[in-house]
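Counted the way the working numbering counts, the sequence shown spans residues 0 to 85.
Using N, Cα and C, we set each Cβ at its ideal position, and we do this for glycine too.
Notes follow once the structure below has been shown.
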Amino acid sequence: MLAMLVSLTMTPNEAEAEMICGRLKAEGIAALHRGGDIPQRGDIGAHSVLVEQADEARAREILAEPPYSDEELAELSDAAGEPPAI
0 MLAMLVSLTM TPNEAEAEMI CGRLKAEGIA ALHRGGDIPQ RGDIGAHSVL
50 VEQADEARAR EILAEPPYSD EELAELSDAA GEPPAI
């Protein structure tokens, strides 16, 4: 039986669609994207992120949550240190 895919969200480019798909996959939800069908424009242009209909509600919950808490962002910033002087 084929799964019914639904459009979860639209992104302005392929890179953002890839990031969203990666975040969903990390949570166990299969996701893919399509778009950028204009060959002259490459990966530029709107992309639709698709998930199985059964996963849609959970995927929306995941995307509604910030990927990092304020504490996690502070830890990442501290770990990165100061940028090198140019």
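Own chain residues within Cβ distance below 6 Å of residue i, not counting five before or after
i: Ala45; result: Met9 and Gly34
Where the alpha helix (DSSP H) through residue i begins and ends
i: Ser76; result: Asp69 to Ala79
i: Asp21; result: Correcting the residue type first, residue 21 is Gly in the shown sequence and not Asp. Start and end: Glu13 to Ala25.
i: Ala84; result: Segment: none, Ala84 is in no alpha helix (DSSP H) and carries neither H nor E.
i: Glu60; result: Glu55 to Ala63
Residue span of the beta strand (DSSP E) that contains residue i, given as start and end
i: Ala30; result: Ala30 to Gly34
Cβ shell of residue i (< 7 Å), same chain only, five flanking positions each side left out
i: Arg57; result: Ile28
i: Glu26; result: Ile61
Cβ distance (whole Å) where residue i is taken to contact residue j below 8 Å
i: Ala30; j: Val5; result: The Cβ separation is near 11 Å, so there is no contact.
Contacts around residue i, its chain only, beta-carbon distance under 8 Å, and the 5 residues preceding and following it disregarded
i: Leu75; result: Tyr67
i: His109; result: Outside the displayed span of the chain (0 to 85) sits residue 109, for which this structure offers no information.
i: Lys24; result: Ala30
Of the residues the options, the one placed nearest residue i, counting alpha carbons only
i: Ala2; options: Ala79, Gln52 and Leu72; result: Gln52
i: Arg22; options: Asp54, Glu55 and Leu62; result: Leu62
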